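Chemist: Right, I'll just put the structure down here and ask away after.
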Amino acid sequence: MRLNYRKDGIFKILQMTDTHIGNMPFHADDEKTFDLVRRAIHKLDVDLIIHTGDIIWSEGVKDADIVFKKFIEIFNESDIPVAITFGNHDTEEIITRSDLRQLFDQTVKNKAEKVDIAIFDDRENYVIPIYDASNTEIQNALFVLDSGAASPLPLSEYDWNQPEQVEWFRKTAHTYLKGDHVKRHLVFQHIPLPEYWQATDKILAGVNKETNERISSPTINTGLFANMLLNTEIWGMFVGHDHDNNFDGLFNDIHLVYGNVSGYQTYGELTRGVRIIELNQHTQDIKTYTVTNDEL
1 MRLNYRKDGI
11 FKILQMTDTH
21 IGNMPFHADD
31 EKTFDLVRRA
41 IHKLDVDLII
51 HTGDIIWSEG
61 VKDADIVFKK
71 FIEIFNESDI
81 PVAITFGNHD
91 TEEIITRSDL
101 RQLFDQTVKN
111 KAEKVDIAIF
121 DDRENYVIPI
131 YDASNTEIQN
141 ALFVLDSGAA
151 SPLPLSEYDW
161 NQPEQVEWFR
171 KTAHTYLKGD
181 HVKRHLVFQH
191 IPLPEYWQAT
201 DKILAGVNKE
211 TNERISSPTI
221 NTGLFANMLL
231 NTEIWGMFVG
241 HDHDNNFDGL
251 FNDIHLVYGN
261 VSGYQTYGEL
271 TRGVRIIELN
281 QHTQDIKTYT
291 VTNDEL
């Protein structure tokens, strides 16, 4: 589905993350997650839903494909376009990312239009263009990257953006430049970049309450943030992964933001919820805030 601003010049994105749906029959906490997701979809007035990974548990989960399908069928209860990427827990055993992408394509009726698609080692990267209210010109580009799963080397616990992905981002993002240095484009993935550590020094909103590693990023830095910075028109990045973080931090004038953990069947003390990202075509402002389960 091609996306465009409303007539009033507003476009709203709902980010959910880390739902961690597990084995069937579903645990009571999974049922609470289903309920939260349904109420967010039906009560929040948004134009796009993006899930930034760890949609399911896959390790030790029988019939992970059926679990995944049952969760994403919820999206068919509304007409809101949907996009996803994957986290470190989605494909830990037999099921693959290509398996899940195929299930998503076959199951979800209203999929956001994806362009500039590139797949590296079964990790899909793509762009979602958002057009103006007249549906003629691209105003914003959403870059969605698959940040991987476990580290392939004994250097850190989690994977990093592959150099091929960073080069894809550099080249692709350049084609969306308007040349006015207005920060308008957004990046979405699951695992935070190492620069999220520096963003904790300037938290604009939200909390940083992880008790072990405050930021669970890879130790290898392959330069994605540097390319975001050099692009000059990237407003910020949105991730998941760390369930006790939901902050909006600023580093070198780029927002590094966590979604709010949405799933109950996983660790974390934060009140479950979602994040809203609101774009304004007229002012070119971008604002973001969380909506908790208690507020739905």
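Each residue of the sequence shown is one higher than the last, beginning at 1 in the UniProt record's numbering. Quick reminder that beta carbons are idealized off the backbone N, C-alpha and C, glycines included. If you're wondering where the values come from, they're calculated on a predicted model, not measured in any experiment.
1. Determine the closest residue to residue 195 out of 291, 246, 257, 271, with distance taken between C-alpha atoms.
2. From residue 223 to residue 166, what distance separates their C-alpha atoms?
3. Using 8 angstroms as the threshold, is the C-beta distance between residue 248 and residue 279 below it?
4. With a CB to CB cut of under 8 angstroms and the five nearest residues on each side skipped, what residues in its chain are close to residue 211?
5. For the putative contact between residue 55 and residue 79, defined by C-beta atoms under 8 angstroms, what is the C-beta separation to the nearest angstrom?
6. May I ask you to list the residues that DSSP assigns as paired with residue 15?
7. Between residue 19 and residue 264, what straight-line distance do the alpha-carbon atoms span, to the nearest angstrom?
8. Hey, how far is the Cα of residue 60 from the Cα of residue 268?
9. Should the stretch 98-115 be called in touch with the stretch 31-45, which here means at least 3 C-beta pairs below 8 angstroms?
10. Assuming residue 187 and residue 143 are in contact, meaning their beta carbons sit under 8 angstroms apart, how far apart are those beta carbons, in whole angstroms?
11. For residue 179, count neighbouring C-beta atoms within 10 Å of its own C-beta (all shown protein chains included) and say buried if the count is 16 or more, exposed if not.
12. Between which two residues does the beta strand (DSSP E) holding residue 129 run?
13. For the stretch 151-159 against the stretch 92-99, do three or more pairs of beta-carbon atoms, one drawn from each stretch, fall closer than 8 angstroms, so that the two count as touching?
14. Applying the criterion that 16 or more other CB atoms from any shown protein chain within 10 Å of the CB defines a buried residue, is residue 106 buried or exposed?
15. Helix, strand or coil for residue 235 per DSSP?
16. Taking residue 190 as the reference, which of 10, 15, 2, 8 has the closest Cα?
17. With H, G and I counted as helix, E and B as strand and the rest as coil, what does DSSP make of residue 229?
18. Where does residue 112 sit, in a helix, a strand or coil, going by DSSP?
19. Helix, strand or coil for residue 290, going by three-state DSSP, please let me know.
20. When DSSP labels each residue in this structure, what does residue 99 get in the three-state scheme?
21. Would you list the one or two residues that DSSP bridges to residue 251?
22. Give the range of the alpha helix (DSSP H) segment to which residue 37 is assigned.
23. Terminal residues of the continuous alpha helix (DSSP H) containing residue 284?
24. If the criterion is Cβ atoms closer than 8 angstroms, does the pair residue 82 and residue 71 meet it?
25. Helix, strand or coil for residue 67, going by three-state DSSP, please let me know.
26. Look at residue 254 and residue 234 and say whether their C-beta atoms are less than 8 angstroms apart.
27. Quick check on this structure: which residue in 39, 170, 92, 128 has the alpha carbon closest to the alpha carbon of residue 62?
28. Roughly how many whole angstroms lie between the Cα atoms of residue 227 and residue 170?
29. Let me confirm a value: residue 150 is counted as buried when at least 16 other C-beta atoms fall within 10 Å, else exposed. Which label applies?
Modeler: Per the coordinate set shown:
1. Locating residue 195 in the sequence shown gives position 195, counting from the first residue. Ranking 291, 246, 257, 271 by Cα distance to residue 195 puts 257 first.
2. If you number the sequence shown from 1, residue 223 lands on position 223. If you number the sequence shown from 1, residue 166 lands on position 166. Straight-line Cα distance between these residues: approximately 7 angstroms.
3. Locating residue 248 in the sequence shown gives position 248, counting from the first residue. Locating residue 279 in the sequence shown gives position 279, counting from the first residue. Contact flag unset, no.
4. Position 211 of the sequence shown, counted from the first residue, corresponds to residue 211. The answer, listed in chain order, is 244.
5. Indexing the sequence shown from 1 puts residue 55 at position 55. Indexing the sequence shown from 1 puts residue 79 at position 79. Actually they do not touch by this definition, with Cβ atoms about 21 angstroms apart.
6. Here residue 15 refers to the residue found at position 15 when the sequence shown is read from its first residue. In the DSSP output, where bridge partners are listed per residue, residue 15 has 50, 275.
7. To locate residue 19, count along the sequence shown from 1; it is residue 19. To locate residue 264, count along the sequence shown from 1; it is residue 264. Using only the alpha carbons, I get a separation of about 7 angstroms.
8. Within the sequence shown, numbered from 1, the residue matching residue 60 stands at position 60. Within the sequence shown, numbered from 1, the residue matching residue 268 stands at position 268. Taking the straight line from one Cα to the other gives about 21 angstroms.
9. no
10. Translated into positions along the sequence shown, residue 187 becomes position 187. Translated into positions along the sequence shown, residue 143 becomes position 143. Going by Cβ atoms, the distance from residue 187 to residue 143 rounds to 5 angstroms, so yes, they are a contact pair.
11. As a working mapping, residue 179 is identified with position 179 in the sequence shown. Exposed, by the Cβ-count rule.
12. Within the sequence shown, numbered from 1, the residue matching residue 129 stands at position 129. Note, residue 129: beta strand (DSSP E), 123-131.
13. no
14. On the sequence shown, position 106 is the one that residue 106 refers to. Counting Cβ neighbours within 10 Å, residue 106 comes out exposed, since fewer than 16 surround it.
15. For this step, residue 235 is matched to residue 235 along the sequence shown. Reduced to three states, the DSSP call for residue 235 is strand.
16. For the purposes of this step, residue 190 is taken as the residue at position 190 of the sequence shown. Of 10, 15, 2, 8, the residue nearest in Cα terms is 15.
17. Locating residue 229 in the sequence shown gives position 229, where the first residue counts as 1. In this structure, residue 229 counts as helix in the three-state DSSP scheme.
18. For the purposes of this step, residue 112 is taken as residue 112 along the sequence shown, with counting starting at 1. It is coil, neither helix nor strand.
19. Looking up residue 290 in the sequence shown gives position 290. Correct three-state label for residue 290: strand.
20. Locating residue 99 in the sequence shown gives position 99, counting from the first residue. Helix.
21. If you number the sequence shown from 1, residue 251 lands on position 251. For residue 251, which the question treats as bridged, DSSP gives the partners 254.
22. Stepping through the sequence shown from its first residue, residue 37 is reached at position 37. 28-43 is the extent of the alpha helix (DSSP H) around residue 37.
23. Residue 284 sits at position 284 when you count from the first residue of the sequence shown. Premise fails: residue 284 is in no alpha helix (DSSP H) and is neither H nor E.
24. Sequence index remark: in the sequence shown, residue 82 carries index 82 (1-based). Sequence index remark: in the sequence shown, residue 71 carries index 71 (1-based). No, they are not a contact pair.
25. The residue you call residue 67 lines up with position 67 of the sequence shown. Helix at residue 67.
26. Residue numbering aside, residue 254 sits at position 254 when the sequence shown is read from its first letter. Residue numbering aside, residue 234 sits at position 234 when the sequence shown is read from its first letter. Against a cut-off of 8 angstroms, the Cβ pair of residue 234 and residue 254 comes out as a contact.
27. Here residue 62 refers to the residue found at position 62 of the sequence shown. Of 39, 170, 92, 128, the residue nearest in Cα terms is 92.
28. Residue numbering aside, residue 227 sits at position 227 when the sequence shown is read from its first letter. Residue numbering aside, residue 170 sits at position 170 when the sequence shown is read from its first letter. Straight-line Cα distance between these residues: approximately 6 angstroms.
29. Residue 150 sits at position 150 when you count from the first residue of the sequence shown. Exposed, because fewer than 16 other Cβ atoms sit within 10 Å of the Cβ of residue 150.
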